[in-house]
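Report on the following structure.
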Amino acid sequence: MEGNDSNCSVVSKYDEIIESPDDSSGPLTFGIELEFLFPLLRDGASDPDPTERRPLHSFIGYDDTDRQLIHVLEKACDIRFRLSKQDVFHEPHSNVVIYDKWRLTNDNSVRFRKLGPREYIWTGREITSEVMRADEPAVYVKRITDVCHAIRQARVHLNQSTSVHVHVGRGEESFSLLTMKKFTTLILLVDDRLMKLHHPCRQESIHCRLLSESSTLASLGHRELMEGSNGLNESQSKQMLQFVPNTSPTVKVLRASKCIRELAEMMCNPNEPQIYRGSVGFTRFLPAGKTGGNTHTFEFRQMAGCLDPVPIIHWVRVCLALVDFARLSDAQRYKDLLAKIMTGGSTFTEFNLLSELNLVEEEKYFRSSVEGYSQSLEFYAGENSGCLFVPQSEREQYVVSTATEQS
632 MEGNDSNCSV VSKYDEIIES PDDSSGPLTF GIELEFLFPL LRDGASDPDP TERRPLHSFI
692 GYDDTDRQLI HVLEKACDIR FRLSKQDVFH EPHSNVVIYD KWRLTNDNSV RFRKLGPREY
752 IWTGREITSE VMRADEPAVY VKRITDVCHA IRQARVHLNQ STSVHVHVGR GEESFSLLTM
812 KKFTTLILLV DDRLMKLHHP CRQESIHCRL LSESSTLASL GHRELMEGSN GLNESQSKQM
872 LQFVPNTSPT VKVLRASKCI RELAEMMCNP NEPQIYRGSV GFTRFLPAGK TGGNTHTFEF
932 RQMAGCLDPV PIIHWVRVCL ALVDFARLSD AQRYKDLLAK IMTGGSTFTE FNLLSELNLV
992 EEEKYFRSSV EGYSQSLEFY AGENSGCLFV PQSEREQYVV STATEQS
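This is how it looks when you write it as structure tokens:
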């Protein structure tokens, strides 16, 4: 999810899949996607929850539904939203969106799965954010907090089909091939650990499978891996061996990849990459639009549906730290972490990983959060006691430090 610079008439990465010669400058940027279920009242039916203070809208049509929901959102915060049908695109493309505003769109993957009142028609909806900067924590904390607060002024529901996605990029710039290789190698090693930070339902989702199980790379046989690993030329081998140790055939194939597109294709599902997603999505590095460009963002898909800004913001910082580590770490620091992960095995936990990334507050938060799943698997407070809707809560409840913990 990337924005557009009105002062630039041509933005190269949207025109073709390019590699940055040096991606160490500037801050990372990111955007979030929040999925939820929104109920409508069937024609002629009475409100099945008359004591609920939040409004209930009758179903007239889906366009009207979205306008009603946007009215609720904009009444609760000072952020302006647009409908996906009002999207603007990076010309000449008709499918590479400019993420310069918060957007409301439908999501057909989100389904209601409980025995609920028959008077409701449930619709899957998704809010996507504008592009935000990692070096402006006060700004993004406020915006995420305000939007979560606004959504909860409507009757909304969360379940195992909903999720939160975080896209991490470099604004108008692209990543280098070296960063891509360092990131994919790191993710393959810690994929299962990152999944353990979240609601256990994500481990069962077809839209969030481990890359070590669902990617094209994972589907290759040993012989194919060995053949692929022989593609290294002298300069590639010298560069990558500074960072990645000479380990498995899988890692050798990553090291040998010649371009960003080839690497992204290996990390996507071999059958339906737009439908069956891995825990980290690489589809935004595949050609799109009329000339084959794209937004160049890593999509973290591990987080279950959530409308509490505190866990969302903590998870955003983890995603940013992982990408920045791949982007900025020197050879010694990078290889040291990989060595700890590989030699530590099961004793090197997800919490050890956060500590190694200097995410002190995130390590504390997720340790407590994971422990909480052993007591309750609620998606929101009150769900187990029969509450159908995410509780309406006051903005003052949401307090997250704006200090950045990444190094």
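Counting the sequence shown from 1 gives a position; this note's numbering is that position plus 631. The beta-carbon is built from N, C-alpha and C at its ideal position, and this holds for glycine as well.
Please classify Gly976: does DSSP put it in a helix, a strand, or coil? helix
Give the straight-line distance between the Cα atoms of Ile782 and Ile944, rounded to the nearest whole angstrom. 16 angstroms
Suppose you measure from the CA of Ser1005 to the CA of Thr816; what does that come to, to the nearest Å? 31 angstroms
For the structure I just gave you, are there three or more beta carbon pairs, one from the stretch 996-1011 and one from the stretch 829-848, closer than 8 angstroms? yes
On the DSSP letters alone, give me the boundaries of the beta strand (DSSP E) that Ile649 sits inside. From DSSP, Ile649 is part of no beta strand (DSSP E); its letter is neither H nor E.
Span separating the alpha-carbon of Leu1019 from that of Phe806: 43 angstroms
I'd like the span of the alpha helix (DSSP H) that includes Ile944, first residue to last. 940-959
I need the DSSP call for Gly755, collapsed to helix, strand or coil. strand
Could you pull out every unbroken alpha helix (DSSP H) segment of at least 4 residues lying fully inside the stretch 739-813, listed in chain order? 768-782
Tell me which same chain residues have a C-beta within less than 7 angstroms of the C-beta of Gln834, skipping the five on either side of it? Met826
Taking DSSP as the reference, what is the three-state secondary structure of Leu672? strand
Using 8 angstroms as the threshold, is the C-beta distance between Leu665 and Phe690 below it? no
With three or more beta-carbon pairs closer than 8 angstroms as the criterion, would you say the stretch 912-929 touches the stretch 711-730? yes
Do you know how far the Cα of Asp967 is from the Cα of His853? Residue placement at His853 is flagged as unreliable, the pLDDT there being 43, under the threshold of 50; a coordinate-derived value is accordingly withheld.
Got a sec, what are the start and stop residues for the beta strand (DSSP E) Thr736 sits in? 733-737
Buried or exposed: Ser655, going by 16 or more other Cβ atoms within 10 Å of its Cβ? exposed
Please report the distance separating the alpha-carbon of Thr810 from that of Pro1022. 41 angstroms
From Asp646 to Asn726, what does the alpha carbon distance come to, in whole angstroms? 12 angstroms
Sequence-distant residues of the same chain with beta carbon closer than 6 angstroms to Leu894, five excluded per side: Met811, Ser888
Whole-number beta carbon distance between Cys950 and Val797, since they are thought to touch under 8 angstroms: 5 angstroms
Is DSSP giving Gly1003 helix, strand or coil here? helix
Would the stretch 992-1001 count as touching the stretch 967-984 if we require 3 or more Cβ pairs under 8 angstroms? yes
How many angstroms separate the CA atom of Ile775 from the CA atom of His702? 18 angstroms
Cβ-Cβ distance between Arg932 and Arg948 below 8 angstroms: no
In this structure, how does DSSP classify Ile710 when only helix, strand and coil are distinguished? coil
Terminal residues of the continuous alpha helix (DSSP H) containing Ala895? 891-898
In the DSSP output, what is Ala1012 paired with across the bridge? Ala1012 pairs with nothing; no bridge assigned.
Can you list, in chain order, the residues of its chain with a C-beta nearer than 6 angstroms to that of Val642? Leave out the 5 residues immediately preceding and following it. Interpretation of Val642 is limited by its pLDDT of 45, a score under 50 that renders its predicted location unreliable; the figure taken from the coordinates is listed afterwards. Counting only Cβ-Cβ distances below 6 angstroms, and skipping sequence neighbours, we find Glu803.
Does the separation of the CB atoms of Ile972 and Leu820 fall below 8 angstroms? yes
So what does DSSP say about Gln933, is it helix, strand or coil? strand
What is the rounded straight-line gap between the Cα of Ser740 and the Cα of Gln963? 43 angstroms
Buried versus exposed, by CB contacts within 10 Å (16 or more), Thr926: buried
Starting from Thr1113 and walking both ways along the alpha helix (DSSP H), at which residues does that stretch end? With the chain represented from 632 up to 1038, any question about residue 1113 goes unanswered, as that position is not in the structure.
Taking the alpha-carbon positions, what's the Trp946 to Gly675 distance? 43 angstroms
Which term fits Ile837, buried or exposed, when burial requires 16 or more other beta carbons within 10 angstroms of its beta carbon? exposed
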